[in-house]
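Colleague: Structure in structure tokens, see below.
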Amino acid sequence: MAAIEEEVLASQAAKPFKMNLKPMAVGLVILSIIFFTARWYQQWAAWEYGLDATNPDFDTYWMSVFWAQIIIEPIIFVALVGYLWLTRDKHLNNLTPRLELERLMLWLSCLVVYGFAFYFAGSIFAEGDASWHQTVVRDTSFTPSHIFVFYLCMPVYIIIGFSLFTYAITRIPFFAEKISIPLILVVCGPFMLLPTVGYNEWGHAFWLMEEYFTVPLHWGFVFFGWSIIALGGLLLQVMGYLVELLGKVTDEQGKLIK
Amino acid sequence: MSLTAEEAKLLKAISVPNSDAAKIVRNFDWIVVVVLLFAVTAAFHIHFMLTAGDWDFWVDWKDRMYWVTLTPMILVIIPAALSYPLMHKLGLPIAGTVCGLCLVIGEWVSRISGFHLWAYFPYSLVWPAIVLPGLMLMDLFYMLFRNVFLASVFGGGAVAMAFAPANWPILAPYHVPVVHIEQLVNVADVIGYSFTRTATPEYLRFIERGTLRTFGGESTLVSTFFSAFVCMILFYMWWRIGQFLSNLGTIPNQLKTFVGLEADKDEAK
Numbered sequence: 002m003a004a005i006e007e008e009v010l011a012s013q014a015a016k017p018f019k020m021n022l023k024p025m026a027v028g029l030v031i032l033s034i035i036f037f038t039a040r041w042y043q044q045w046a047a048w049e050y051g052l053d054a055t056n057p058d059f060d061t062y063w064m065s066v067f068w069a070q071i072i073i074e075p076i077i078f079v080a081l082v083g084y085l086w087l088t089r090d091k092h093l094n095n096l097t098p099r100l101e102l103e104r105l106m107l108w109l110s111c112l113v114v115y116g117f118a119f120y121f122a123g124s125i126f127a128e129g130d131a132s133w134h135q136t137v138v139r140d141t142s143f144t145p146s147h148i149f150v151f152y153l154c155m156p157v158y159i160i161i162g163f164s165l166f167t168y169a170i171t172r173i174p175f176f177a178e179k180i181s182i183p184l185i186l187v188v189c190g191p192f193m194l195l196p197t198v199g200y201n202e203w204g205h206a207f208w209l210m211e212e213y214f215t216v217p218l219h220w221g222f223v224f225f226g227w228s229i230i231a232l233g234g235l236l237l238q239v240m241g242y243l244v245e246l247l248g249k250v251t252d253e254q255g256k257l258i259k
Numbered sequence: 372m373s374l375t376a377e378e379a380k381l382l383k384a385i386s387v388p389n390s391d392a393a394k395i396v397r398n399f400d401w402i403v404v405v406v407l408l409f410a411v412t413a414a415f416h417i418h419f420m421l422t423a424g425d426w427d428f429w430v431d432w433k434d435r436m437y438w439v440t441l442t443p444m445i446l447v448i449i450p451a452a453l454s455y456p457l458m459h460k461l462g463l464p465i466a467g468t469v470c471g472l473c474l475v476i477g478e479w480v481s482r483i484s485g486f487h488l489w490a491y492f493p494y495s496l497v498w499p500a501i502v503l504p505g506l507m508l509m510d511l512f513y514m515l516f517r518n519v520f521l522a523s524v525f526g527g528g529a530v531a532m533a534f535a536p537a538n539w540p541i542l543a544p545y546h547v548p549v550v551h552i553e554q555l556v557n558v559a560d561v562i563g564y565s566f567t568r569t570a571t572p573e574y575l576r577f578i579e580r581g582t583l584r585t586f587g588g589e590s591t592l593v594s595t596f597f598s599a600f601v602c603m604i605l606f607y608m609w610w611r612i613g614q615f616l617s618n619l620g621t622i623p624n625q626l627k628t629f630v631g632l633e634a635d636k637d638e639a640k
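First to last, the protein sequences are chains A and B.
Mapped onto this note's numbering, the consecutive letters of the first sequence carry residue numbers 2 to 259.
Mapped onto this note's numbering, the consecutive letters of the second sequence carry residue numbers 372 to 640.
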């Protein structure tokens with residue numbers, strides 16, 4: 002009798018919750034390979050071939066990298082965002098709370114990849130830009146530093162940011178029902194750093210050839226960097242949502258309900 | 372602050388050791404911690420390097436007027452804004468400490484990778500300022516007072532008041548006087564002269580004016596007090612901005628019918 006009771010209870014128990022961390026791990030590995038290779042390439046080719054933009058070697062070793070990035074990145078952007086939109090869940094109204102929770106946790110784990118990409122753009126490569134441009138006189142907008150910070154790091158986190166936004170509004174009812182303004186800021190604020198590059202390069206080309214990093218010409222980057230403060234608002238929203246979801250999928254003892 | 376019924380139920384559920392709810396919440400915590408560390412490092416570092424960076428990059432820019440005045444003002448901004456969600460909403464007095472720690476890590480990684488390994492500057496020229504003591508005091512005062520006005524006055528002010536004393540032990544040897552080509556300069560100046568920053572013209576390099584050097588140590592003190600005054604105001608302003616950005620809410624999604632959700636009633640009409 003007891004054995005039968007145990008069997009019945011076991012069949013009624015919900016499958017244990019396991020977070021899917023694979024996309025996050027794959028993302029972190031791919032980004033690490035890209036960014037460390039980029040940094041190694043700078044070390045190898047910047048002093049050797051990157052000092053004079055009129056030198057044919059500059060075209061071979063630097064402009065070829067730039068053009069490759071400019072061609073590949075929009076393709077990846079369209080492919081990723083397009084894939085997420087075309088494979089969207091068309092029945093979000095019927096989504097079970099359990100699946101909703103799994104998707105939310107997967108999405109949050111992918112925010113780690115977004116943060117990782119933003120870190121390389123906003124910290125390592127951005128300050129590396131200071132070390133290069135305060136040392137080497139610039140004779141082009143496409144310097145060995147800019148080719149990676151502006152045209153690799155920034156597009157990479159923009160691709161990830163927009164993909165995460167598309168995932169959120171196509172698969173997670175909380176973000177699909179109404180669009181979170183902090184989420185828009187967390188994605189669009191860092192995105193606006195790329196258009197700011199246009200203003201920055203325009204200014205450097207026409208009135209400010211010498212370099213000091215705190216020049217007002219650079220403050221556009223600061224303004225849009227502040228949008229990350231909205232991450233606090235997003236965190237508060239997600240916490241409220243998690244409380245609501247956990248209430249639906251667990252009982253008072255904290256066990257998952259089938 | 373009272374808990375809703377849902378929150379009370381969840382609190383009970385996650386208090387059960389090893390329950391599914393506890394495990395999910397723990398996973399959530401870890402993810403948030405990692406996201407915050409990366410995002411704060413990136414955002415705080417880019418904010419800091421583009422507004423006070425030159426003073427922080429180079430030892431010969433670490434003067435007794437602008438460096439001491441400006442750096443704390445720039446330092447207090449993002450920690451104050453993040454104090455709203457972290458301390459006011461979640462009860463975690465860690466915004467200043469987390470920001471300071473992230474900034475120091477981000478700076479050291481880039482000083483080693485960019486300034487030292489790539490541009491070949493010595494560490495003695497490019498070490499970052501010590502910012503943690505003031506930011507930790509900011510958190511401490513906010514935790515003690517639990518009041519934004521008092522936290523602004525004492526916590527915001529502490530960021531500036533602790534800055535020069537925290538940096539003095541490491542900076543003092545660079546301010547030892549040296550005679551260089553028959554001119555009285557200091558060790559930091561000589562290091563600066565030795566490692567030319569070709570793209571940063573000499574007229575942009577900060578060298579202390581004579582008046583500052585004849586005032587003994589007072590210029591640091593005056594700069595510190597002025598900076599503390601501005602930091603108090605900035606803390607309050609940016610705490611309010613953090614409050615605004617944390618409570619922005621939502622906007623209607625015009626595309627939600629594409630994912631099987633019903634259109635809002637107003638739109639259907």
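No residue lacks a Cβ here, since even glycine has one placed at the ideal position from N, Cα and C.
Rounding to the nearest angstrom, what Cα-Cα distance links glycine 620 of chain B and leucine 236 of chain A in this structure?
Modeller: Computed Cα separation, rounded: 12 Å.
Colleague: Please name the residues in the region 90-105 of chain A whose beta-carbon is closer than 8 Å to at least one beta-carbon of chain D, in chain order.
Modeller: Among the protein chains in the structure shown, which are A and B, there is no chain D.
Colleague: Touching or not, the region 516-529 of chain B and the region 471-487 of chain B, by the rule of three or more beta carbon pairs under 8 Å?
Modeller: No, because fewer than three Cβ pairs between the region 516-529 of chain B and the region 471-487 of chain B fall closer than 8 Å, the two stretches do not touch.
Colleague: Counting only beta-carbon atoms, is isoleucine 31 of chain A nearer than 7 Å to chain B?
Modeller: Closer than 7 Å: no.
Colleague: What three-state label does DSSP hand glutamine 614 of chain B in the structure shown?
Modeller: Helix.
Colleague: Is glutamate 633 of chain B near glycine 248 of chain A, with beta carbons less than 7 Å apart?
Modeller: Not in contact: glutamate 633 of chain B and glycine 248 of chain A (Cβ atoms no closer than 7 Å).
Colleague: What residues from chain A crowd round glycine 467 of chain B, counting only those whose CB sits closer than 7 Å?
Modeller: Ordered by position in chain A, no residue passes the 7 Å Cβ test against glycine 467 of chain B, which lies about 14 Å from the chain.
Colleague: Can you tell me where the beta strand (DSSP E) with asparagine 95 of chain A in it begins and where it stops?
Modeller: Neither: asparagine 95 of chain A is in no beta strand (DSSP E) and is coded neither H nor E.
Colleague: Output the distance between the C-alpha atoms of leucine 22 of chain A and leucine 29 of chain A, rounded to the nearest integer angstrom.
Modeller: Cα-Cα distance, rounded: 11 Å.
Colleague: List the residues of chain A that aspartate 425 of chain B touches, going by C-beta distances under 7 Å, in chain order.
Modeller: Under the 7 Å cutoff, chain A gives Tyr213, Phe214, Thr215.
Colleague: Between the alpha carbons of threonine 440 of chain B and phenylalanine 119 of chain A, how many angstroms are there, rounded?
Modeller: If you take the alpha carbons of threonine 440 of chain B and phenylalanine 119 of chain A, they lie about 29 Å apart.
Colleague: Here's the rule I'm using: 16 or more other beta-carbon atoms within 10 Å means buried, otherwise exposed. How should asparagine 389 of chain B be labelled?
Modeller: Exposed: under 16 other Cβ atoms inside 10 Å.
Colleague: Across the region 401-418 of chain B and the region 133-153 of chain A, are there enough close Cβ pairs to call them in contact, namely three or more that are closer than 8 Å?
Modeller: Verdict: no, contact absent.
Colleague: What residues from the region 484-502 of chain B come within 9 Å of chain A, judged by C-beta to C-beta, listed N to C?
Modeller: The residues in question are Ser484, Gly485, Phe486, His487, Leu488, Trp489, Ala490, Tyr491, Phe492, Val497.
Colleague: Going by beta carbon distance, what residues of the same chain come within less than 6 Å of glutamate 212 of chain A, once the five residues before and after it are set aside?
Modeller: Counting only Cβ-Cβ distances below 6 Å, and skipping sequence neighbours, we find His134, Gln135.
Colleague: Which term fits arginine 517 of chain B, buried or exposed, when burial requires 16 or more other beta carbons within 10 angstroms of its beta carbon?
Modeller: Exposed.
Colleague: In terms of alpha-carbon separation, which member of B:Leu472, B:Ala490, B:Pro456, B:Gly424 lies closest to phenylalanine 615 of chain B?
Modeller: For phenylalanine 615 of chain B, the nearest C-alpha among the options comes from B:Pro456.
Colleague: Per DSSP, what kind of secondary structure is lysine 640 of chain B in: helix, strand or coil?
Modeller: In this prediction, lysine 640 of chain B scores a pLDDT of 49, lower than 50, which makes its location untrustworthy; no coordinate-derived value is stated.
Colleague: By Cβ distance below 6 Å, which residues in the same chain neighbour glutamine 554 of chain B in space, the five residues on each side in sequence not counted?
Modeller: Taken in chain order, the list of residues that qualify is empty.
Colleague: Can you give the Cα-Cα distance for leucine 102 of chain A and proline 174 of chain A, rounded to whole angstroms?
Modeller: Rounded to the nearest angstrom, the two C-alpha atoms are 10 Å apart.
Colleague: From this set, A:Lys19, A:Pro17, A:Ile35, A:Ile182, which residue's C-alpha is nearest phenylalanine 149 of chain A's C-alpha?
Modeller: Considering only alpha carbons, the answer is A:Ile35.
Colleague: Of all the CB atoms in chain A, is at least one closer than 7 Å to the CB of glycine 613 of chain B?
Modeller: Yes - at least one Cβ of chain A is within 7 Å of the one on glycine 613 of chain B.
Colleague: Using the Cα positions of phenylalanine 566 of chain B and alanine 127 of chain A, report the straight-line distance between them to the nearest angstrom.
Modeller: Their backbone Cα atoms lie some 21 Å apart in a straight line.
Colleague: Cβ closer than 7 Å: which chain A residues qualify as neighbours of proline 623 of chain B?
Modeller: Here the neighbours are Lys179.
Colleague: For isoleucine 182 of chain A, which residues in chain B fall below 7 Å Cβ to Cβ?
Modeller: Ordered by position in chain B, the residues that pass the 7 Å Cβ test against isoleucine 182 of chain A are Leu619, Gly620, Thr621, Ile622.
Colleague: Look at the alpha carbon of leucine 85 of chain A and the alpha carbon of leucine 96 of chain A, and state the distance between them as a whole number of angstroms.
Modeller: Each residue's Cα considered, the two are about 17 Å apart.
Colleague: Using 7 Å as the limit for Cβ to Cβ distance, is aspartate 391 of chain B near chain A?
Modeller: Yes, aspartate 391 of chain B lies at the interface with chain A (some Cβ there is under 7 Å from its Cβ).
Colleague: Could you name the residues of chain A that arginine 568 of chain B contacts, counting a contact when the two beta carbons are closer than 7 Å?
Modeller: Residues of chain A passing the Cβ test: Gln135, Thr136.
Colleague: Using a cut-off of 7 Å between C-beta atoms, extract the partners of lysine 256 of chain A located in chain B.
Modeller: Within chain B, the residues near lysine 256 of chain A are Ser390, Asp391.
Colleague: For glutamate 128 of chain A, would you say it is in contact with chain B, using Cβ-to-Cβ distances shorter than 7 Å as the test?
Modeller: Yes, glutamate 128 of chain A lies at the interface with chain B (some Cβ there is under 7 Å from its Cβ).
Colleague: Tell me, please, which residues DSSP counts as bridged to histidine 551 of chain B.
Modeller: Bridge partners of histidine 551 of chain B: B:Gln554.
Colleague: Using the Cβ count rule (16 or more neighbours within 10 Å means buried), how would you classify aspartate 58 of chain A?
Modeller: Exposed, since its Cβ has fewer than 16 Cβ neighbours within 10 Å.
Colleague: Consider the Cβ of glycine 234 of chain A: report whether some Cβ of chain B lies at a distance smaller than 7 Å.
Modeller: Chain B, which has a Cβ nearer than 7 Å to the Cβ of glycine 234 of chain A, makes this yes.
Colleague: Roughly how many angstroms separate the alpha carbons of lysine 640 of chain B and tyrosine 168 of chain A, rounded to a whole number?
Modeller: For lysine 640 of chain B, the predicted structure reports a pLDDT of 49, less than 50, and the residue's modelled location is therefore unreliable. A value from the coordinates is still provided. The alpha-carbon atoms of lysine 640 of chain B and tyrosine 168 of chain A are separated by roughly 29 Å.
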